[in-house]
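Asks: So the sequences go chain by chain: A and B.
At position 19 of the first sequence the residue is numbered 19 (this note's numbering), and the sequence of numbers has no breaks.
At position 93 of the second sequence the residue is numbered 1093 (this note's numbering), and the sequence of numbers has no breaks.
Shown below is the structure under consideration.
Number of protein chains: 2
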Amino acid sequence: MKCKRCRRADAAVDLPSHHAAFCPACFFVFFRRQVTEGIRKQRLLVPEDRVLVCVSGGKDSLVLWDVLIDAGYETEGLYIDLGIEGYSDRSKEKVLAYAASRGKTPIVVELATEGVPIPEAARCARMQECSVCGTVKRYFFNRVAAEGKFTVVATGHNLDDETARLLGNLLHWQRDHLARQHPLLPGADGGLVRKVKPLWRVSEVETAAYGFLKGIDYVTEECPMSEDATSLVYKEALSRIEDRMPGTRIVFYQGFLDPSNPLRKRPETATPEDAPGADAAHRTEVAAEGGEGTARTCVECGAATFTETCSFCRLKERVRKARSLRATTVSR
Amino acid sequence: MKCKRCRRADAAVDLPSHHAAFCPACFFVFFRRQVTEGIRKQRLLVPEDRVLVCVSGGKDSLVLWDVLIDAGYETEGLYIDLGIEGYSDRSKEKVLAYAASRGKTPIVVELATEGVPIPEAARCARMQECSVCGTVKRYFFNRVAAEGKFTVVATGHNLDDETARLLGNLLHWQRDHLARQHPLLPGADGGLVRKVKPLWRVSEVETAAYGFLKGIDYVTEECPMSEDATSLVYKEALSRIEDRMPGTRIVFYQGFLDPSNPLRKRPETATPEDAPGADAAHRTEVAAEGGEGTARTCVECGAATFTETCSFCRLKERVRKARSLRATTVSR
Chain A
1 MKCKRCRRAD AAVDLPSHHA AFCPACFFVF FRRQVTEGIR KQRLLVPEDR
51 VLVCVSGGKD SLVLWDVLID AGYETEGLYI DLGIEGYSDR SKEKVLAYAA
101 SRGKTPIVVE LATEGVPIPE AARCARMQEC SVCGTVKRYF FNRVAAEGKF
151 TVVATGHNLD DETARLLGNL LHWQRDHLAR QHPLLPGADG GLVRKVKPLW
201 RVSEVETAAY GFLKGIDYVT EECPMSEDAT SLVYKEALSR IEDRMPGTRI
251 VFYQGFLDPS NPLRKRPETA TPEDAPGADA AHRTEVAAEG GEGTARTCVE
301 CGAATFTETC SFCRLKERVR KARSLRATTV SR
Chain B
1001 MKCKRCRRAD AAVDLPSHHA AFCPACFFVF FRRQVTEGIR KQRLLVPEDR
1051 VLVCVSGGKD SLVLWDVLID AGYETEGLYI DLGIEGYSDR SKEKVLAYAA
1101 SRGKTPIVVE LATEGVPIPE AARCARMQEC SVCGTVKRYF FNRVAAEGKF
1151 TVVATGHNLD DETARLLGNL LHWQRDHLAR QHPLLPGADG GLVRKVKPLW
1201 RVSEVETAAY GFLKGIDYVT EECPMSEDAT SLVYKEALSR IEDRMPGTRI
1251 VFYQGFLDPS NPLRKRPETA TPEDAPGADA AHRTEVAAEG GEGTARTCVE
1301 CGAATFTETC SFCRLKERVR KARSLRATTV SR
């Protein structure tokens, strides 16, 4: 089969959801255009932005960094070493190698040094690993961005991630989560930096193809802690539907983002003045810290929070207490 | 494992979505209660109703008829012979046998006699078989009910059917279809009889178990025309999610039916006065006939329609024309 764009070279990537097949060169053009269209449609970035790209070592975040560099954005990479034996070392290696290939040195946060390596923190706090990981990442993404004077934080969530999350939220009618879900979370007073997901229009398969054809070396293993994640169940269900009805995912997500969609409004506060989604979203995100009322700063670390101490500092304290309890027990 | 209800007999039906397992006798109690609760919660039926039960010969509709008879409702069965070779004969046989076992004789409509056997009608009208079948069934359900002075039409759609339809409507954000989807479609002027789905709270597995344990003999084969039906793709996707997370389906559907769900309102007409769902639903159903404005009666058959001729009579006319064209061609 010939490339549908240049009609000369052999097609290397088949994309049924776009009724297209491309040669590598034309696929790069297509993929970059999908990402920049996604950025433009949802006004995620402006040319003057200083972008902090959160890189895990997986394909999505490295491809995101690659596309943003090529598109001329000023970027730095942030790698958070989760302290997961083996997996964290292997992913850090990939991040450092990719960064070096682009003449970059990523910012690295070591959760072991910060006192909250994920496996131990989850045990100590008696929480799900994925939940602890979310709290910790959210915290450092924002803190590193605010301290480093970045104007925006970018993560590598793709269309498969976003639609899996959307399906889960719809199956349980989590109205607050639905109002919060958006490729753009605007910044807010109290040091909350804007957060964007520039890959929202491209699928996992497309991102993987881009990474492969570009020769980006990434970790292919899933995080060993996420094996039971429910999001994988939703992702698989949507994959089966997409296989039978190509294009379903993008229709599903774009229809959800449509400003006329009444689910973009928060249940309690839905008024005509309520912006469709994004503004309400960040307020909800901060509210997810666990408190209500007026935003203030964490007495421990100064981060934006609705409670006296932010959720990260509360987690850290639980880990510290569990450790000293263990130390006491052992020394007895 | 012992029955979770009587704690004496061995459990025969395992229901992870209800964290329960029942012996046959207790499962009957459970199942009937689920159906009557579904009827009560959505006010589907009143004791005085004369119910026309649409029976296909499959498990759902025969189980529905069985439960309604046992619950003391005045019922008659309506069987529509679709004119599908082999399949129609086998299903009619099951309907007649079941009806006889309850001392009943079902009303039978033969589509071949009516001039619209599904396979030929679909070919002549160049439409999907499932689409033609929907039009024809909707027409006869209502006509037989209106002529026979029935107060309500009941169909055997179960929770799996309704959630598959809901998922499809959400994946494509079909707002009009979403507003229309409800276990209750109230009657309306112009001879539109109320339509209800009393099995909306019970799953396919539960219905099959009830049919099996009650010794109801039903056709197990799927309609040969529906093999590619997209609803099967959605059903399968939801089954996989339900297997991993029992109870997802009922949470999904009940959350959708919640009157506070903004999707229960029609997009164009959403106002605070708009009833959540049911009322808007029937208007949309009639509008689906293909016209807009004020309801009137079909010039051909007198059925309620928004166009001069109802969609059934238009279909019949297309079949008639295609037939006479063929006859002319052959005789030449």
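Beta carbons are placed, not taken as given, at the ideal position from N, Cα and C, and that holds for glycine.
Bear in mind that the values here come from a model prediction, so they are computed numbers and not experimental data.
Buried or exposed for T329/A, going by 16 or more other Cβ atoms inside 10 Å?
Replies: Exposed is the call here.
Asks: Report the CB separation of D1060/B from T1163/B in whole angstroms; it is logged as a contact under 8 angstroms.
Replies: The Cβ separation is near 14 angstroms, so there is no contact.
Asks: Which two residues bound the contiguous beta strand (DSSP E) that contains K1195/B?
Replies: Per DSSP, K1195/B belongs to the beta strand (DSSP E) from R1194 to V1196.
Asks: Quick one: is R1165/B near chain A, going by C-beta distance under 9 angstroms?
Replies: Chain A, which has no Cβ nearer than 9 angstroms to the Cβ of R1165/B, makes this no.
Asks: What does G1247/B touch in chain A if you count any residue whose Cβ is under 9 angstroms from its own?
Replies: Ordered by position in chain A, no residue passes the 9 angstroms Cβ test against G1247/B, which lies about 10 angstroms from the chain.
Asks: With distances taken between CB atoms, is the gap from F141/A to V132/A smaller than 9 angstroms?
Replies: Result no, Cβ atoms of F141/A and V132/A do not sit closer than 9 angstroms.
Asks: Check whether the Cβ of L1213/B lies closer than 8 angstroms to any heavy atom of the ligand HEM, and answer yes or no.
Replies: The ligand HEM is not part of the structure shown, which contains no ligands of any sort.
Asks: Hey, out of Q174/A, D189/A and V136/A, whose CA is closest to A304/A's CA?
Replies: Of Q174/A, D189/A and V136/A, the residue nearest in Cα terms is D189/A.
Asks: Is V333/A helix, strand or coil when you go by DSSP?
Replies: It is not possible to answer for residue 333/A, since the shown part of chain A is limited to 1 through 332.
Asks: With E1076/B as the anchor, note down where its beta strand (DSSP E) starts and where it stops.
Replies: Its beta strand (DSSP E) spans residues E1074 to D1081.
Asks: Are G115/A and K316/A touching if we call contact CB-CB under 9 angstroms?
Replies: Cβ atoms of G115/A and K316/A: closer than 9 angstroms.
Asks: For the putative contact between V1053/B and T1075/B, defined by C-beta atoms under 8 angstroms, what is the C-beta separation to the nearest angstrom?
Replies: Right, their Cβ atoms sit about 5 angstroms apart.
Asks: Under 9 angstroms, Cβ to Cβ, is there at least one residue of chain A near L1159/B?
Replies: Taking Cβ atoms only, chain A never reaches closer than 9 angstroms to L1159/B, which makes this a no.
Asks: State the Cα-Cα distance for the pair I1069/B and Y1218/B, rounded to the nearest angstrom.
Replies: Looking at the two C-alpha atoms, the distance is approximately 17 angstroms.
Asks: Would you verify that the beta carbon of K137/A is, or is not, closer than 9 angstroms to some beta carbon of chain B?
Replies: With 9 angstroms as the cut-off, K137/A does not count as an interface residue toward chain B.
Asks: Who are the near neighbours of G1072/B in its chain, counting only those whose CB is closer than 8 angstroms to its CB and skipping five residues on each side?
Replies: Around G1072/B: P1047.
Asks: For a cutoff of 9 angstroms on Cβ pairs, would you count P183/A as touching chain B?
Replies: Closer than 9 angstroms: no.
Asks: Hey, is E236/A's beta-carbon within less than 9 angstroms of any beta-carbon in chain B?
Replies: Chain B, which has a Cβ nearer than 9 angstroms to the Cβ of E236/A, makes this yes.
Asks: Within 10 angstroms of its Cβ, does V1319/B collect 16 or more other Cβ (buried), or is it exposed?
Replies: V1319/B comes out buried.
Asks: So which residues of chain B does H18/A contact, with C-beta pairs closer than 7 angstroms?
Replies: Those within 7 angstroms of H18/A in chain B number zero; the least Cβ separation is about 17 angstroms.
Asks: Helix, strand or coil for V219/A, going by three-state DSSP, please let me know.
Replies: Correct three-state label for V219/A: coil.
Asks: Taking the beta carbon of V1144/B as the centre, do at least 16 other beta carbons fall within 10 Å, making it buried, or is it exposed?
Replies: So V1144/B ends up on the buried side.
Asks: If I measure Cβ to Cβ from G1211/B and keep anything under 7 angstroms in the same chain, skipping five residues before and after, which residues do I get?
Replies: Excluding residues within five positions, the ones whose Cβ falls inside 7 angstroms are K1059, L1062, V1063 and Y1218.
Asks: By DSSP's criteria, K1002/B is part of a beta bridge. Which residues make up the other side?
Replies: Per DSSP, D1010/B.
Asks: If distances are taken between C-alpha atoms only, which option among C223/A, K137/A, L171/A and S226/A comes closest to F1252/B?
Replies: Taking only the C-alpha atoms, the option nearest F1252/B is L171/A.
Asks: Provide the residue span of the alpha helix (DSSP H) that contains L1213/B, from first to last.
Replies: Segment E1204 to K1214, the alpha helix (DSSP H) holding L1213/B.
Asks: With three or more C-beta pairs closer than 8 angstroms as the rule, is the segment 1237-1247 of chain B touching the segment 1085-1100 of chain B?
Replies: No contact exists between the segment 1085-1100 of chain B and the segment 1237-1247 of chain B.
Asks: When you compare the CB positions of L1178/B and L1166/B, do they come within less than 9 angstroms of one another, or not?
Replies: Going by C-beta atoms, L1178/B is nearer than 9 angstroms to L1166/B.
Asks: Looking only at its own chain, which residues have a Cβ that is under 6 angstroms from the Cβ of S17/A, when we skip the five neighbours before and after it?
Replies: Around S17/A: P246 and G247.
Asks: What separation, rounded to the nearest whole angstrom, lies between the Cα atoms of R7/A and R1180/B?
Replies: Each residue's Cα considered, the two are about 46 angstroms apart.
Asks: Residues of chain B with a CB under 8 angstroms from the CB of V233/A: which are they?
Replies: Residues of chain B passing the Cβ test: R1240, I1241, R1244 and M1245.
Asks: Consider the Cβ of N261/A: report whether some Cβ of chain B lies at a distance smaller than 9 angstroms.
Replies: Output row for N261/A: interface = yes.
Asks: Using a threshold of 9 angstroms, state whether the C-beta atoms of L45/A and V196/A are closer than that.
Replies: In this structure, V196/A lies closer than 9 angstroms to L45/A by Cβ.
Asks: Tell me whether L1111/B is buried or exposed, calling it buried when 16 or more other Cβ atoms sit within 10 Å of its Cβ.
Replies: Counting Cβ neighbours within 10 Å, L1111/B comes out buried, since at least 16 surround it.
Asks: Buried or exposed for T1135/B, please, with buried defined as at least 16 other CB atoms from any protein chain shown within 10 angstroms of its CB.
Replies: Classification for T1135/B: buried.
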